[in-house]
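**Q**
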Amino acid sequence: MPERPGRRLPGRARPASNRRRIERTVANPRLDPPTVFERIRRRVADGLARAPLVLILDETFNGVGMACMKLSIAYRRRAVPIAAVCYYRDRPPKRMPRLIADLLRRGAVALPEWAEVTLPTDRGLSWPKVLDAAVALGWHYVGRIQGSTKLKTRDGRELAAADVIRKPGRSWAGRARAFEKAGGRDVYVAAVRERGCRGPWLLASDRLRGYRAVHRYAKRSWTEELFRDEKSHGLPWRRSRIADPGHAPTGWRP
């Protein structure tokens, strides 16, 4: 919402009147964001004509104390939000793995039965519990893992993920055991370091191998375009006057 919404609305009403009208709209209990999200999910998923779905999980901040964890469908080099939860930064309403698992379950509602879903997650969200939550819904995942993640390869080597490849222009793909502290998971690992890049992409997936995992994970960047649209290039969320996370989705924050 704009910083001075009352002055932006057309009509003869004074800015103060327009502002009160917007405040009443935001506080209207009959406005139900989850219902809107469900309709968006149905419309976008149906429009993809049975193509595999990529659901992007990522967190964004408005710069003034509020955060939003969003689940979005990758669509035409952008991302369409289908579920979200907003909260005060560093004060989520529940432990983050549980919050994310609940968000994924909400996002799964109204997806078509035929949907083949892959969830790409960045390093900060590729926790075993999050990946398990995706699998529990029948989804697949491809998560970028930390370089310090310990791997045990099929030939018995034990090494950190960052040590799989060290030089630019190299790649490696194979089966490995990871996340031993969380009970261990058998994953496909794809490690790629293109020339000119500062560091490698280290990916773990339940199904995708090699460059297929890389190509699917690359779509995660589409959500950055969404966040840019919502902040610096479009809706100025940073200047929003809505300070209550409970009202944030209603204030045009999907």
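Residue numbers (my numbering): 110 to 363.
All residues carry an ideal CB built from backbone N, CA and C; glycine is no exception.
1. Determine the DSSP secondary structure at V273, reduced to helix, strand or coil.
2. If the criterion is Cβ atoms closer than 7 Å, does the pair Y250 and D315 meet it?
3. Determine contact between the segment 217–226 and the segment 272–285, defined as no fewer than three beta-carbon pairs at a distance below 8 Å.
4. Does DSSP classify V145 as helix, strand or coil?
5. Taking only runs that begin and end inside the segment 223–308, name each unbroken alpha helix (DSSP H) of 4 or more residues, in chain order.
6. Which partner residues of R200 appear in the DSSP bridge assignment?
7. Classify E112 as buried or exposed, calling it buried when 16 or more other Cβ atoms lie within 10 Å of its own Cβ.
8. Which class does S126 belong to by DSSP, given the choice of helix, strand or coil?
9. Within its chain, find whatever has a CB closer than 8 Å to the CB of G305; leave out the 5 residues flanking it on each side and keep chain order.
10. Just to confirm the assignment, what range does the alpha helix (DSSP H) spanning A210 have?
11. Give the straight-line distance between the Cα atoms of P114 and R215, rounded to the nearest whole angstrom.
12. If Y102 and G233 are in contact, beta carbons under 8 Å, what's the gap, nearest whole angstrom?
13. Verify whether the separation of the beta carbon atoms of L162 and V239 is less than 7 Å.
14. Can you give me the start and stop residues for the beta strand (DSSP E) that A183 sits inside?
15. Kindly indicate which residue of R253, A271 and G252 has the alpha-carbon position closest to the one of K261.
16. Just curious, the beta strand (DSSP E) that A322 is in, first and last residue?
**A** If we stick to the structure as given:
1. DSSP places V273 in coil when its eight states are reduced to three.
2. A contact, by the Cβ cut-off of 7 Å.
3. No contact exists between the segment 217–226 and the segment 272–285.
4. DSSP, reduced to helix, strand and coil, places V145 within a helical segment of the structure shown.
5. If we require 4 residues or more, the alpha helix (DSSP H) runs fully inside the segment 223–308 come out as 237–245.
6. In DSSP, R200 forms a bridge with Y197.
7. Bear in mind that the predicted position of E112 carries a pLDDT of just 43, short of 50, making it too unreliable to give a figure here.
8. Here S126 sits in helix by DSSP.
9. Answer for G305: P277, listed in chain order.
10. Annotation for A210: the continuous alpha helix (DSSP H) segment containing it runs M205 to A217.
11. In this prediction, P114 scores a pLDDT of 46, lower than 50, which makes its location untrustworthy; the coordinate-derived value is nonetheless stated afterwards. Between P114 and R215, the C-alpha separation is close to 31 Å.
12. With the chain covering only 110 through 363, there is no way to say anything about residue 102.
13. No, Cβ-Cβ distance for L162 and V239 is not below 7 Å.
14. It spans M175 to Y184 - the beta strand (DSSP E) in which A183 sits, taken as one unbroken run.
15. Nearest of R253, A271 and G252 to K261, Cα basis: A271.
16. A322 -> not in any beta strand (DSSP E); alpha helix (DSSP H) instead, spanning G319 to A327.
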